[in-house]
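Colleague:
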Amino acid sequence: MSHDTTLQHRVTAELIWDPAVTSSEIGVTAKDGVVALSGQVGTYDEKLAAEAAACRVRGVKALVQEIEVVVQHARKRSDEDIAATAIARLAWNVAVPPDRVFVKVSKGVVTLTGEVDHRFEAEVSEREVQQLSGVVAVNNRIAVKPQVDVEAVSDRISEALDRSWLFDPKTVTVTAEGGTVTLGGTVLTMQERREAVGAAWASPGTTAVENYISVV
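Under the UniProt record's numbering, the first residue of the sequence shown carries the number 1, and numbering increases by one thereafter.
The following block contains the structure:
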């Protein structure tokens with residue numbers, strides 16, 4: 001069995017194993033470590049779950065996401081209903097600063113804009129709306145307000161990576177200029193690559209992350 005076929009089977013098995021992925025219409029192809037997902041799912045949240053499941057599999061170096069969200073009739077909502085529900089969900093979440101995040105909906109695609117102080121506030125806002133019925137995609141365009149103290153950003157991220165069992169500090173490099181963090185080096189899985197990006201965004205003062213980490 002070829003390496004590509006083995007990887008395809010492993011990703012398919014991971015999708016079947018994940019309870020958040022219920023669709024039987026997801027196709028998987030693999031070539032030289034690049035995995036492509038296709039087919040249809042009923043919710044945007046399930047599409048994200050399928051993507052996350054594929055990234056967990058060792059050997060996946062890159063992912064092509066071609067899954068289409070086709071909302072079942074019983075779950076369809078008007079753009080007005082989606083927008084109203086999204087606004088209410090954001091207002092109820094204490095992690096989302098009031099009157100800082102704005103919602104726009106067009107044909108089920110939610111676009112979030114505004115400016116917040118920390119990256120996690122933008123991420124929480126996105127998670128609040130991605131599970132709503134009728135949503136087919138979320139564009140998170142919320143900007144992170146630059147912080148005053150950015151001198152120690154690189155050191156804080158490096159220390160966070162050192163504390164994690166996922167990373168060999170010798171293989172991941174971190175540099176920062178202003179609020180822009182640049183990641184380099186190598187990791188073993190796509191999941192580790194995502195974790196490194198998460199650590200970079202978690203550091204106060206980070207306003208942008210440029211990720212050049214390779215999966216080997």
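All C-beta atoms in this analysis are idealised placements derived from N, C-alpha and C, irrespective of residue type, glycine included.
So if DSSP puts F102 in a beta bridge, which residue, or which two residues, is it bridged to?
Modeller: Along the sequence shown, read from residue 1 onward, the residue named residue 102 stands at position 102. Paired residue(s): T113.
Colleague: Return the first residue and the last residue of the alpha helix (DSSP H) that Q130 is part of.
Modeller: Within the sequence shown, the letter at position 130 stands for residue 130. R119 to Q130 is the extent of the alpha helix (DSSP H) around Q130.
Colleague: Can you give, in chain order, each stretch of the alpha helix (DSSP H) that sits fully within the segment 2–33 and has at least 4 residues?
Modeller: Runs found: 3–17.
Colleague: Determine the direct distance from the alpha carbon of Q8 to that of V150, and round the result to whole angstroms.
Modeller: Stepping through the sequence shown from its first residue, residue 150 is reached at position 150. Stepping through the sequence shown from its first residue, residue 8 is reached at position 8. With a pLDDT of 46 at V150, under the threshold of 50, the modelled position of that residue is not reliable, and no figure is offered here.
Colleague: In terms of alpha-carbon separation, which member of E115, V109, S106 and E121 lies closest to V94?
Modeller: Here residue 94 is taken as the residue at index 94 of the sequence shown, counted from 1. Closest by alpha carbon: E121.
Colleague: Apart from the five residues just before and just after D79, which ones in its own chain have a Cβ nearer than 6 Å to its Cβ?
Modeller: Translated into the one-based positions of the sequence shown, residue 79 becomes position 79. Excluding sequence neighbours, D79 sits near V105.
Colleague: Inspect the CB distances between the segment 19–35 and the segment 45–63 and report whether three or more fall short of 8 Å.
Modeller: Contact holds: three or more Cβ-Cβ distances are below 8 Å.
Colleague: Candidates Q131, G108, V109 and A88: which alpha carbon is nearest D99's?
Modeller: As a position in the sequence shown, residue 99 is number 99, starting the count at 1. Ranking Q131, G108, V109 and A88 by Cα distance to D99 puts A88 first.
Colleague: Rounding to the nearest angstrom, what Cα-Cα distance links R75 and G42 in this structure?
Modeller: By one-based count along the sequence shown, residue 75 stands at place 75. By one-based count along the sequence shown, residue 42 stands at place 42. Taking the straight line from one Cα to the other gives about 9 Å.
Colleague: Just to confirm my understanding: we take V35, look at its own chain, exclude 5 residues before and 5 after, and list those with CB closer than 6 Å. What are they?
Modeller: For the purposes of this step, residue 35 is taken as the residue at position 35 of the sequence shown. So the qualifying residues of the chain are V11, A54, V60 and L63.
Colleague: Between V197, T5, E14 and Q65, which lies nearest to G39 when the distance is taken from Cα to Cα?
Modeller: Counting from 1 along the sequence shown, the entry for residue 39 is found at position 39. Checked all of V197, T5, E14 and Q65; the closest Cα to G39 is Q65.
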